[in-house]
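Colleague: Just passing along the structure, written as structure tokens.
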Amino acid sequence: MKKTDEFERALLDTGDNIKRGLVTVINNMGKAVALIAGAVAILVTFTDITMASLVPKDFLPPLAALIVCSYIIYFSLEDAGEELGKKTEEYMEACQKYNAAREKIGGEDIDMLRDFCRRYSEEELEFRRKSFMLTKGISLSDIEKYKAGVPMPRRKRKEVRRALSLKAVSLTPGALLSREKWSRKSELSNPEKSKLALLIIKILPSTLCMIVTVSIMLSFKSDMTASDVINSIFKLTALPLIGFKGYSAGYSYSKCNMSLWLETKANILTKFIAEKDSVKSSCEELPEKVNQTVN
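All you need for the working numbering is the position in the sequence shown, starting with 1, plus 419.
Right under this line is the structure:
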């Protein structure tokens, strides 16, 4: 039993060490990029630089292959970075807070939540409009003058028009209770209608990559010189930079953007729960007050 506990502890420690190592790599990503850029600068300094002629036979095939590889590397490592970002303390805390708030919402609360979403969107729009007017120096009287057709400077008329054109954020119970993404459609929309289009969009990049890779024919270069090797290395230096960029972008997206998004929805749900509890307590107190009045 003791050996089993030690083995499990060793596995947990190994996982924590790997996680800390990956986080360390991401935190020092800028240094890695700087080192690669420095190596490229050294490589360029000690060689003669010439620009290749933009002839399709010599230029387009290698360029197409590098672009395909860079896209594959970027999006693959971006996904890996997102998965690591979801294991960060910030993301996990936001998930716990959001899940705790979502569990307090039952089916009987949907009607009230729908009304809450409508009022929240209206209040949020009013807040953004007043903030915009304040920063642009527009008053309520300017709005009334514009609606009445009173002449005003062109610049102010343009800003008033922008203030009035602001739209409310689409907020629905489905958007608040879904962890995946904000949905502009109704929560009752059938996902089957958009399933095929989404699948086509997802497979389109892979299809384009396959077309390029199939159309390219590879053959060994004969009589390769040191210059050929240096040129090949120089061309490949962009790939690790793109990989680092994709990995760090995915990590930051989950750690910062996604965690802030979940925390924002959790705060909105918390506000709704407080409002719901307040209404419920008021309804419970009303019969007591009526009985006291009658007695």
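For each residue, glycine too, the CB sits at the ideal point set by N, CA and C. This structure is a prediction, so every number in the text was calculated from the model and none was measured.
1) Count the other CB atoms within 10 Å of the CB of phenylalanine 535; is the residue buried (16 or more) or exposed (fewer)?
2) Hey, glycine 669 and leucine 485: beta-carbon distance below 9 Å or not?
3) Excluding the 5 residues flanking methionine 677 on each side, which residues of the same chain have their C-beta closer than 7 Å to its C-beta?
4) Measure the CB-CB distance between alanine 582 and isoleucine 557 and report whether it falls below 9 Å.
5) By how many angstroms is the C-alpha of isoleucine 692 removed from the C-alpha of leucine 596?
6) Leaving out five residues before and five after glycine 500 in sequence, what residues of the same chain have Cβ atoms less than 6 Å from its Cβ?
7) Take aspartate 716 as the anchor and find which of Lys549, Glu543, Lys674 and Glu578 has the nearest alpha-carbon.
8) Rounded to a whole number of angstroms, what is the C-alpha to C-alpha distance between leucine 544 and glycine 568?
9) Determine, using beta carbons only, whether leucine 590 and serine 550 come nearer to each other than 9 Å.
10) Is DSSP giving alanine 429 helix, strand or coil here?
11) Report the three-state DSSP secondary structure of proline 572 (helix, strand or coil).
12) Is arginine 521 near alanine 657, with beta carbons less than 9 Å apart?
13) Between cysteine 514 and leucine 681, how many whole angstroms is the CB-CB distance? I'm expecting something under 8 Å.
14) Look up arginine 533 in the DSSP assignment and say whether it is helix, strand or coil.
15) With distances taken between CB atoms, is the gap from lysine 555 to glutamate 578 smaller than 9 Å?
16) Buried or exposed for leucine 623, going by 16 or more other Cβ atoms inside 10 Å?
17) Alpha carbon to alpha carbon, how far is leucine 660 from serine 651?
18) Taking buried to mean at least 16 other C-beta atoms within 10 Å of its own C-beta, is phenylalanine 546 buried or exposed?
19) Got a sec? Which residues, its chain only, sit under 8 Å from proline 481 by beta carbon, not counting five neighbours each side?
20) Helix or strand or just coil, what does DSSP make of serine 495?
21) Check this for me: beta carbons of leucine 688 and tyrosine 517, under 9 Å apart or not?
22) Do you know offhand how far alanine 594's Cα is from lysine 699's?
Modeller: This is what the structure holds:
1) Looking up residue 535 in the sequence shown gives position 116. The C-beta of phenylalanine 535 has 16 or more other C-beta atoms within 10 Å across all chains shown, which makes the residue buried.
2) For the purposes of this step, residue 669 is taken as the residue at position 250 of the sequence shown. For the purposes of this step, residue 485 is taken as the residue at position 66 of the sequence shown. No. Outside cutoff.
3) Within the sequence shown, the letter at position 258 stands for residue 677. Once the five neighbours on either side are set aside, the close Cβ partners of methionine 677 are Tyr510.
4) Taking the first residue of the sequence shown as position 1, residue 582 is located at position 163. Taking the first residue of the sequence shown as position 1, residue 557 is located at position 138. Yes, they are a contact pair.
5) Here residue 596 corresponds to residue number 177 of the sequence shown, with the count starting at 1. Here residue 692 corresponds to residue number 273 of the sequence shown, with the count starting at 1. One C-alpha to the other measures close to 13 Å.
6) Taking the sequence shown and counting its residues from 1, one reaches residue 500 at position 81. Closer than 6 Å at Cβ, skipping near neighbours: Tyr666, Gly669 and Tyr670.
7) Because residue 716 is not part of the residues shown, which for the chain are 420 to 714, the question remains open.
8) The sequence position of residue 544 within the sequence shown is 125, counting from 1. The sequence position of residue 568 within the sequence shown is 149, counting from 1. When rounded, the distance between both Cα atoms is 24 Å.
9) Here residue 590 refers to the residue found at position 171 when the sequence shown is read from its first residue. Here residue 550 refers to the residue found at position 131 when the sequence shown is read from its first residue. When the beta-carbon positions are compared, leucine 590 and serine 550 stay at least 9 Å from each other.
10) Numbered from its first residue, the sequence shown carries residue 429 at position 10. Note that alanine 429 scores 49 on pLDDT, short of 50, meaning its location in the model is unreliable and no value can be drawn from it.
11) By one-based count along the sequence shown, residue 572 stands at place 153. Secondary structure of proline 572 (DSSP, three-state): coil.
12) As a first step, residue 521 must be located in the sequence shown, where it is residue number 102. As a first step, residue 657 must be located in the sequence shown, where it is residue number 238. Between arginine 521 and alanine 657, the C-beta gap is not smaller than 9 Å, which leaves the two residues out of contact.
13) The count along the sequence shown starts at 1 and reaches residue 514 at position 95. The count along the sequence shown starts at 1 and reaches residue 681 at position 262. Cβ-Cβ separation between cysteine 514 and leucine 681: approximately 6 Å, consistent with a contact (criterion under 8 Å).
14) If you number the sequence shown from 1, residue 533 lands on position 114. The three-state secondary structure of arginine 533, taken from DSSP, is helix.
15) Position 136 of the sequence shown holds residue 555. Position 159 of the sequence shown holds residue 578. Closer than 9 Å, so yes.
16) Translated into positions along the sequence shown, residue 623 becomes position 204. Leucine 623 is exposed by the Cβ-count criterion.
17) Locating residue 660 in the sequence shown gives position 241, counting from the first residue. Locating residue 651 in the sequence shown gives position 232, counting from the first residue. Roughly 16 Å between the two C-alpha positions.
18) As a working note, residue 546 is residue 127 in the sequence shown. When all chains shown are included, phenylalanine 546 counts as exposed.
19) Here the question's residue 481 lines up with position 62 in the sequence shown. Here the set comprises Lys654.
20) Position 76 of the sequence shown, counted from the first residue, corresponds to residue 495. Here serine 495 sits in helix by DSSP.
21) In the sequence shown, counting from the first residue as 1, residue 688 sits at position 269. In the sequence shown, counting from the first residue as 1, residue 517 sits at position 98. Yes, the pair counts as a contact, with Cβ atoms nearer than the cut-off.
22) By one-based count along the sequence shown, residue 594 stands at place 175. By one-based count along the sequence shown, residue 699 stands at place 280. Computed Cα separation, rounded: 24 Å.
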